[in-house]
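Encoded as structure tokens, the structure appears first; notes follow it.
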Amino acid sequence: MTALITRDQLEAEIAAGTVTVVDALGGEYYARQHLPGAIPLVEADVAGKAGELLPDKAAAIVTYCSNPACPNSGQVADQLGRLGYHNVRKYAEGIEDWTAAGLPTETGALVS
608 MTALITRDQL EAEIAAGTVT VVDALGGEYY ARQHLPGAIP LVEADVAGKA
658 GELLPDKAAA IVTYCSNPAC PNSGQVADQL GRLGYHNVRK YAEGIEDWTA
708 AGLPTETGAL VS
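Numbering-wise (our numbering), the sequence shown opens with residue 608 and increments by one.
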């Protein structure tokens, strides 16, 4: 089971630059709104793209999706764990909780 992280903890880690945030919604959801600095990575792409997007398997990674009912963040976190990433946590409350707290988000697609 993936460890959880609270909004306050995640906000502090983003501000400190000590975490890589993974948006497990991807696509149009990501382009419309995502957490600051987040990279899009959906379950179907984890095996093929994780090595390129997340080269350090020891790095702190947090996955999120829309809310606690959304399974995407857990699925991506589980896949990353199976690939050997061992510092993966999940922000279960997701972007809905983040925006409800008035915290900043970014828009636009990831430019590679």
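Glycine included, every Cβ here is placed at the ideal spot set by N, Cα and C.
**Request:** May I ask you to report which of helix, strand or coil DSSP gives Glu713?
**Result:** strand
Pairwise C-alpha distance: Gln686 and Ala638 = 23 Å
#### Entry: Within-8 Å CB hit, Pro711 to chain B
Absence of chain B from the displayed structure is noted, only one protein chain being present.
### Task
Taking Tyr636 as part of the alpha helix (DSSP H), name the residues at either end of that continuous run.
First-last of the alpha helix (DSSP H) with Tyr636: Gly634 to Arg639.
Can you have a look at Arg701 and say buried or exposed, based on whether 16 or more other CB atoms are within 10 angstroms of its CB? Before going on, a small fix: residue 701 reads as Gly here, not Arg. By the neighbour-count rule (16 or more Cβ atoms within 10 Å), Gly701 is buried.
Review point. Helix or strand or just coil, what does DSSP make of Leu648?
Key: coil
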